[in-house]
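In my numbering, the protein residues as written are 2 to 494.
Even for Gly, the Cβ is constructed at its ideal location relative to N, Cα and C.
Values in this document were obtained by computation on a predicted structure and should not be read as measured data.
Below is one structure, written out as structure tokens; the observations come after it.
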């Protein structure tokens, strides 16, 4: 009875802690919305989405309907205003992040508090969730899908696998960049099960997830075929992204600039009138990108190294402080100058425009803009540290048996984060592309800090040379099964 009461007390404490975490995350989300600027104007991607939504409601058909994916446009079309959309996606984002924190508290009980605190302070995630952009609901749905997949693999329950497939399939209909994620996870988990023993009884739930997620993408493939004449599980902007990514390195041999205008210009210069984001533009730009690479194969190495450098030095977007029109301009001027000096994520068009207007001196006198730049610079450095510690944590979990928990969750999170990192490096880098997986790095960063602290402590105290006991915080198979060690076989008193 005493053991049951203890378990009940622990469950009660965790339940209260989970509710407190959810409330804190919700508060941080609201605060992020108040402190940072999010454009609700119909420009950029949002402008395309608003036109798609108007068409879905019976309005005029846009020139391109195969980009962006239709998920966000349907939500905008169904809800009365964009504010409702933001409230919905922010609520979903808070619930998904709180669910992750709760699951990690159960998986890594010794680290539940620091993980929960870091989830509350996850500004990149909160900022994404209050921005009218399809990545927000896609990230939340995918995260919930990963948590459902963890349940399915740990317990072998196929209806959890079906739920995971549906959630990941819905995420794909908002951002088709996740369409290969289920298959990627299946391959990674298969390899791990063969060579690492990740404590996964059966991969049958994973195959169910892949099948269900694929089925969820069939309506989009049919829609794509109706408007282009061919089937596709993704959007029609692949050629656009591929071509623009060749300009990531400022000194690339092709003279390509890493911006959308460069892709538009390439299509127009070839004498075509169609959009670079259309199916015709996709085919043309894919062919043009291949030709460019054949001309200068070595340029692909420089481009990829630059993308890697960008990703490592500025992996996450920490928000745009609300400064007013002039202050926001001055902040961007100062930021672009700093990027130019560092050679990271430079927007050539903006730099050229600001230099021609000669507003750098005026920006350098704006105290609030300078303070905002300091904030962004410091937090960008913090983001790089979190990324580095997270990747280090991946290695610890992979290489050290004592740091592997019984739950498949950490393997799933690590594989998903690696998937997004590869996309950033191989396709195209933008500072907010990794915001959707920022929470996935948190548990690994915490494990890395604990490991490093134990190593330093052991050296300082010249104590026992045994390995740092990071595994104390992990829920093991023996604990999960309620087994006891041979030494504890005496009856409890």
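In this model, residue 375 and residue 318 are separated by some 14 Å (Cα to Cα). In this structure, the straight-line span from the alpha carbon of residue 292 to that of residue 345 is close to 26 Å. Rounded to whole angstroms, the gap between the alpha carbons of residue 235 and residue 214 is 13 Å.
Three or more beta-carbon pairs separated by less than 8 Å are not found between the segment 106-116 and the segment 128-137, which leaves the two stretches without contact. By DSSP's assignment, residue 37 forms a beta bridge with 322.
Within the model, the alpha-carbon separation for residue 241 versus residue 430 is close to 13 Å. Secondary structure of residue 178 (DSSP, three-state): helix.
Restricting attention to 413, 399, 140, 437, the CA atom closest to the CA of residue 105 is found in 413. Restricting attention to alpha helix (DSSP H) runs no shorter than 4 residues, the segment 236-300 encloses them at 239-246, 261-270, 280-296, ordered along the chain.
When DSSP states are grouped into helix, strand and coil, residue 68 belongs to the coil group. Sequence-distant Cβ neighbours of residue 137 in its own chain, meaning closer than 7 Å and more than five residues away, are 90, 94, 129, 130. Measuring C-alpha to C-alpha distances from residue 81 to each of 62, 54, 66 identifies 54 as the nearest. Here DSSP, grouped into helix, strand and coil, assigns residue 132 to coil. The beta carbons of residue 21 and residue 409 sit about 27 Å from each other, so the pair does not count as a contact at 8 Å.
Counting the other Cβ atoms within 10 Å of the Cβ of residue 247 gives 16 or more, which makes it buried.
Here residue 271 is exposed: its Cβ has fewer than 16 other Cβ atoms, across all protein chains shown, within 10 Å. Just measuring C-alpha positions, the residue of 198, 382, 127 sitting nearest residue 34 is 127.
DSSP assignment within the segment 303-355 yields the following whole alpha helix (DSSP H) runs of 4 residues or more, N-terminal first: 325-343. In the structure shown, residue 368 falls within a helical segment according to DSSP collapsed to helix, strand and coil. In this structure, residue 432 places its C-beta atom within 8 Å of the C-beta atom of residue 315.
The Cβ neighbour count for residue 439, taken over all protein chains shown within 10 Å, is at least 16; the residue is labelled buried. Note on residue 216: under 16 other CB atoms within 10 angstroms of its CB, so exposed under the neighbour-count rule.
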